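Note sheet for the following structure.
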Amino acid sequence: MSDRRFDVALSFPGEHRPFVKEVARRLSEIFSQDRVLYDHYYEAEFARPNLDIYLPSLYRTQSELVILFLCPEYAAKRWCNLEWRHIRDMLSSIDEKRIMFLRYGYEGDLTELGILRGDGTINFKERPPEEIAEKIHERFIFNGGLINRREPDPSQSTPNRFDISRIDSYAPENLIGREAETKIIDGAWAAAVRGEAKRPRVLSFIAMGGEGKTSLVADWAVRKQIDGWSDCDAAFAWSFYSQGTRNNYAGDSDLFLADALKFFGGETKEGEGAVEKAKRLARLIGEKRALLIIDGLEPLQYPPTWSPPGELKDDGSVA
Numbered sequence: 001m002s003d004r005r006f007d008v009a010l011s012f013p014g015e016h017r018p019f020v021k022e023v024a025r026r027l028s029e030i031f032s033q034d035r036v037l038y039d040h041y042y043e044a045e046f047a048r049p050n051l052d053i054y055l056p057s058l059y060r061t062q063s064e065l066v067i068l069f070l071c072p073e074y075a076a077k078r079w080c081n082l083e084w085r086h087i088r089d090m091l092s093s094i095d096e097k098r099i100m101f102l103r104y105g106y107e108g109d110l111t112e113l114g115i116l117r118g119d120g121t122i123n124f125k126e127r128p129p130e131e132i133a134e135k136i137h138e139r140f141i142f143n144g145g146l147i148n149r150r151e152p153d154p155s156q157s158t159p160n161r162f163d164i165s166r167i168d169s170y171a172p173e174n175l176i177g178r179e180a181e182t183k184i185i186d187g188a189w190a191a192a193v194r195g196e197a198k199r200p201r202v203l204s205f206i207a208m209g210g211e212g213k214t215s216l217v218a219d220w221a222v223r224k225q226i227d228g229w230s231d232c233d234a235a236f237a238w239s240f241y242s243q244g245t246r247n248n249y250a251g252d253s254d255l256f257l258a259d260a261l262k263f264f265g266g267e268t269k270e271g272e273g274a275v276e277k278a279k280r281l282a283r284l285i286g287e288k289r290a291l292l293i294i295d296g297l298e299p300l301q302y303p304p305t306w307s308p309p310g311e312l313k314d315d316g317s318v319a
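If you want it as structure tokens, here you go:
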């Protein structure tokens with residue numbers, strides 16, 4: 001294994017964090033997370049005085065391959081400039097092969113950074129993060145790098161998991177007349193896979209009972225399952241109908257939150273309220289490319305004849 005602490009280091013402006021986050025996730029699968037320098041992986045370590053001195057040296061001396069995600073905003077960012085001042089010392093030296101340039105489109109003049117028009121770059125605009133991660137992997141191997149991953153501890157590892165058993169039976173043999181809604185789901189998921197900053201985080205399908213909401217979502221989820229969940233880390237489906245009858249059950253979110261937290265790797269915390277559980281669940285889901293499907297919220301809603309009509313009455317589901 002290299003004497004350097006990191007195999008790859010990522011330098012980028014905040015405008016492209018959602019995309020770079022997905023690149024880092026994939027690189028962590030290739031190299032292991034402790035070999036990838038991505039700031040959010042080291043928040044505790046970086047909460048320190050003189051970080052502006054400590055951090056740039058990690059790029060210059062402790063990283064085998066340094067990847068710059070360039071764009072017109074890069075030069076204006078304080079932290080990008082601090083990192084680049086140290087990375088720049090590698091140019092015109094034997095270490096310059098440790099630098100890899102990625103570029104968001106080809107607009108903007110970066111000569112003020114010492115990056116010339118003749119320098120080779122890869123355009124990452126409108127390309128999936130997995131493809132860019134593979135390009136970084138290829139360059140690492142081209143440079144002669146060796147990947148020495150730690151063997152995972154079976155007692156601590158959490159494999160990719162998928163459970164749609166509560167809704168898959170509602171998937172029809174042939175879904176008819178829902179092409180527009182299916183396209184909406186496909187588009188939202190594709191945006192998540194690409195790591196788009198303005199992608200939708202929540203999709204809600206609202207209609208009267210019996211109009212096919214469950215069948216629509218179940219059909220989509222089953223198709224993802226048949227595909228092997230190739231672009232998803234985890235998927236969990238829950239139906240509040242499973243807690244009791246559709247019309248007579250006064251549901252609550254306690255059982256759902258307990259099972260969902262357990263599924264996504266959250267520990268049980270004594271005395272924790274529903275709102276805190278829901279917020280913790282949201283954080284756990286946000287740490288990976290995960291899918292949460294919640295079906296049959298009617299038992300948790302006020303009926304149309306009440307005031308406020310249709311609003312959620314359970315604190316956990318509201319949160």
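All residue numbers for the sequence shown refer to the UniProt record's numbering, where the first residue is 1 and numbers rise by one. Beta carbons are placed, not taken as given, at the ideal position from N, Cα and C, and that holds for glycine. Bear in mind the structure is a predicted one, so any value in this text is a computation, not a measurement.
Runs of the beta strand (DSSP E) spanning 3 or more residues and lying entirely within the segment 260-298 occur at 290-295, in chain order.
Counting C-beta atoms within 10 angstroms of its own C-beta, T61 has fewer than 16 neighbours from the protein chains shown and is therefore classed as exposed. Separation of the CB atoms of I141 and L102 is rounded to 17 Å, and the pair is thereby denied contact status at 8 Å. In the DSSP assignment, V36 is bridged to V8. Minimum Cα-Cα distance from G228 among the listed residues R161, Y54, H16 and I99 corresponds to R161.
According to the DSSP assignment, S204 belongs to no alpha helix (DSSP H), since it is labelled neither H nor E. The Cβ neighbour count for P129, taken over all protein chains shown within 10 Å, is at least 16; the residue is labelled buried.
Inclusion of L37 and L10 in the CB contact set at 8 Å is warranted, their separation being smaller than that value.
In the structure shown, F236 adopts extended strand secondary structure according to DSSP, grouped into three states.
The three-state secondary structure of R139, taken from DSSP, is helix. Taking the C-beta atoms as reference points, L70 is found nearer than 8 Å to Y104. With fewer than 16 other CB atoms across the displayed protein chains lying within 10 angstroms of its CB, F46 is exposed. Scanning its chain for C-beta atoms nearer than 6 Å, with the 5 sequence neighbours on each side dropped, one finds around F256 the residues W238, in chain order. The beta carbons of R35 and D3 sit no closer together than 8 Å. At least 8 Å separates the beta-carbon of A218 from that of I184. Burial state of H40 is exposed, judged by a 10 Å Cβ sphere holding fewer than 16 other Cβ atoms. Between G296 and F205, the C-beta gap is not smaller than 8 Å, which leaves the two residues out of contact. Each of E15, R26, H16 and R17 was checked against the Cα of D233, and the nearest Cα belongs to R26. Taking all protein chains in view, the Cβ of S253 is crowded by 16 or more other Cβ atoms within 10 Å, so the residue is classified as buried.
Relative to K21, the option among A260, L55, K135 and G195 whose CA is nearest is G195. Counting of Cβ neighbours within 10 angstroms places R289 among the buried residues, the total reaching 16 or more.
For the pair P49 and E83, the CB atoms are not nearer than the 8 Å cut-off.
Sequence-distant Cβ neighbours of K198 in its own chain, meaning closer than 6 Å and more than five residues away, do not exist here.
DSSP places L27 in no beta strand (DSSP E) but in the uninterrupted alpha helix (DSSP H) bounded by R17 to F31.
Counting along the chain, the unbroken alpha helix (DSSP H) around S215 starts and ends at K213 to I226. Excluding five sequence positions before and after A188, the CB atoms of its chain that fall closer than 6 Å to its own CB belong to P200 and L203, given in chain order.
When the alpha-carbon of D89 is set against those of Y59, S32 and S215, the nearest one is in Y59.
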